[in-house]
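In UniProt numbering, the protein residues as written are 1 to 449.
The beta-carbon is built from N, C-alpha and C at its ideal position, and this holds for glycine as well.
For reference, the structure is listed below as structure tokens.
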Amino acid sequence: MLSQNGLYRLSTHGSVYFNYVIEKFGIMQFYNENAVPIYSSQFLFVKAAIALNKVFASSRVFDIRFLGVVYYVFFLGAIYLLTRGLTASHRNVRNYVLALIIVFVFADTAFTIPFNSFYPEAGTYILMLYCSGLFLLITRKLVKHHRLTTIAFFAASLLLIAVDYHNVPLTLGLLIMACGLLFVFKGRLAQVYVVIGMLALIGMGAFVHQTVATRYQSLNRYQAFTHGVLQTTEPSLKVTAGGIDSQYALMKDNDYYPNTYSAILPDSKYVHRHLINKLNAAWITGYYFNHFSQFLRLLDDAAKNVMQIRIQSVGNYDAAAGKLPRAKTQYFSGYSLLMQSFYPRKCAFNLLVMAALLVVYTIGMVNSFRHRNIEGVLKFFLVLGLSTVVILLPIIDIVSYGTYNLSRNMFPVAVSLSLAWILLIADWMNHRLWGMPAKSDHPGEKTAK
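Below, the structure is given as structure tokens:
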């Protein structure tokens with residue numbers, strides 16, 4: 001990320017970059033021979049921050065806080081859209097309380113701390129809020145120009161998929177949400193445009209997977225094996241039954257780029273020929289199918305990390321603050337601390353929660369059909385899209401990456417769960433829970449053309 005955007009680390013000991021927040025980076029003044037094509041939409045935020053830095057600070061030293069400012073400006077827009085989409089059209093005490101709940105949840109420091117870093121979670125978080133906020137505005141008919149808002153939704157969705165190759169599985173959830181937009185427009189041409197937008201989402205997901213994910217194919221396969229398949233008793237017997245040499249069971253918990261001595265080099269031709277080339281998705285899926293109890297344990301491990309929102313591997317203070325290495329700030333962290341302490345850490349609980357929400361919003365969809373109102377229909381597709389992320393992403397991550405870096409890989413699941421909870425609370429507070437529009441809504445508006 002640094003070299004791709006023309007930045008480099010200043011002369012600082014490597015471990016400091018994890019123990020403390022580093023504010024200063026050098027801006028390259030010469031041809032960048034290490035530059036590679038950028039396939040991440042995150043560079044849009046970084047380039048904007050570098051431009052501001054050059055105007056207001058220095059053309060040689062980049063201050064990471066400019067990136068934080070850029071993220072924060074976009075974050076405020078996302079919070080505004082989400083709050084407007086969730087609250088009723090009239091100002092009253094109930095809606096002010098709801099707005100405070102939204103801020104309490106989504107302005108939590110655990111969500112916003114990546115803003116002052118190059119971690120892709122910052123872009124993922126902001127764009128997920130934009131997608132949900134824009135979709136809710138269309139759902140509740142709070143905008144005059146449905147077509148422009150729909151275009152903005154697809155644009156935010158495309159950028160979300162392109163932030164990080166780990167976001168490619170989010171494509172399915174976004175596609176399900178987009179299916180609901182077909183009910184917004186009566187005109188055949190407008191529906192064709194929605195279908196084109198959906199095809200663009202599929203194309204973006206395929207493009208990111210092909211151009212970025214394939215670069216890390218060997219790394220991901222190896223760590224899906226060492227941090228997933230081998231996480232069991234007597235792994236040598238089980239992998240031998242799958243046609244893998246039992247010697248590779250000794251690589252349990254090893255990384256592709258080990259920090260210490262490794263008996264076998266993962267990136268060697270020998271390992272590629274006899275191990276990595278055999279570890280495709282079909283082999284790993286078949287293994288977990290034959291060892292389903294192990295797979296369920298790994299899913300529970302993923303569930304334990306769902307609400308571990310804060311990135312644990314780095315500190316939140318700069319070195320001048322005098323804090324211990326990797327110290328974490330507790331400022332405005334009420335929501336994340338509550339979830340971390342009390343949220344059940346079982347995969348089955350997440351399944352039950354999303355199943356209950358789907359039942360509620362399925363009933364709402366039926367009632368909306370009866371009253372010729374599409375709000376409940378669109379909310380059903382929103383909840384179904386969020387449920388897809390919550391249910392499928394842990395499965396995909398276990399198969400693709402094992403338990404490596406689970407807390408970061410589960411970040412979209414935490415955001416999706418939070419959005420689902422807030423939607424439920426908002427509909428309950430404004431008496432819209434079962435697909436019955438509140439008096440303050442716009443039941444008389446016709447479907448957009």
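Cβ-Cβ distance between residue i and residue j below 8 Å
i: residue 129; j: residue 176; result: no
i: residue 198; j: residue 162; result: no
i: residue 118; j: residue 1; result: yes
i: residue 25; j: residue 52; result: no
i: residue 340; j: residue 308; result: yes
i: residue 377; j: residue 417; result: no
i: residue 403; j: residue 279; result: no
i: residue 388; j: residue 173; result: yes
i: residue 374; j: residue 194; result: no
i: residue 259; j: residue 226; result: no
i: residue 434; j: residue 350; result: no
Span of the alpha helix (DSSP H) around residue i
i: residue 292; result: 292 to 304
i: residue 454; result: The chain is shown only over 1 to 449; residue 454 falls outside these bounds and no answer can be derived.
i: residue 250; result: Here residue 250 belongs to no alpha helix (DSSP H), and DSSP marks it neither H nor E.
i: residue 364; result: 347 to 370
i: residue 217; result: 217 to 224
i: residue 109; result: 109 to 112
i: residue 146; result: 146 to 163
i: residue 205; result: 188 to 211
Cβ distance (whole Å) where residue i is taken to contact residue j below 8 Å
i: residue 419; j: residue 157; result: So it is not a contact: roughly 14 Å between Cβ atoms.
i: residue 134; j: residue 124; result: The Cβ separation is near 16 Å, so there is no contact.
i: residue 401; j: residue 210; result: That belief does not hold up - the Cβ atoms of residue 401 and residue 210 are roughly 18 Å apart, past 8 Å.
i: residue 47; j: residue 5; result: 7 Å
i: residue 76; j: residue 426; result: Not confirmed; about 19 Å, so no contact.
i: residue 70; j: residue 88; result: Wrong, their Cβ atoms sit about 32 Å apart, outside the cutoff.
i: residue 159; j: residue 127; result: 5 Å
Rounded straight-line distance, which links the Cα of residue j to that of residue i
i: residue 105; j: residue 121; result: 16 Å
i: residue 95; j: residue 379; result: 19 Å
i: residue 230; j: residue 43; result: 36 Å
i: residue 151; j: residue 386; result: 20 Å
i: residue 147; j: residue 82; result: 18 Å
i: residue 190; j: residue 196; result: 10 Å
i: residue 347; j: residue 29; result: 50 Å
i: residue 241; j: residue 271; result: 18 Å
i: residue 218; j: residue 363; result: 46 Å
i: residue 277; j: residue 412; result: 30 Å
i: residue 408; j: residue 137; result: 29 Å
i: residue 384; j: residue 201; result: 17 Å
i: residue 239; j: residue 246; result: 6 Å
i: residue 153; j: residue 103; result: 22 Å
i: residue 406; j: residue 145; result: 40 Å
Range of the contiguous beta strand (DSSP E) that encloses residue i
i: residue 25; result: 24 to 27
i: residue 93; result: From DSSP, residue 93 is part of no beta strand (DSSP E) but of the alpha helix (DSSP H) over 93 to 106.
i: residue 61; result: 61 to 63
Counted within 10 angstroms of its Cβ, other Cβ atoms place residue i as buried (16 or more) or exposed
i: residue 164; result: buried
i: residue 446; result: The predicted model places residue 446 with a pLDDT of 48, which falls under 50 and marks its position as unreliable; any figure quoted below should be read in that light. Classification of residue 446: exposed, given that the 10 Å Cβ count is below 16.
i: residue 235; result: buried
i: residue 169; result: buried
i: residue 188; result: exposed
i: residue 443; result: The predicted position of residue 443 is uncertain, since its pLDDT is 44 and thus under 50; a value taken from the coordinates is nonetheless stated next. Exposed: under 16 other Cβ atoms inside 10 Å.
i: residue 293; result: exposed
The ligand MN heavy atom lying under 7 Å from the CB of residue i
i: residue 121; result: By its list of ligands, the structure shown contains no ligand whatsoever, and the ligand MN lies outside what it can speak to.
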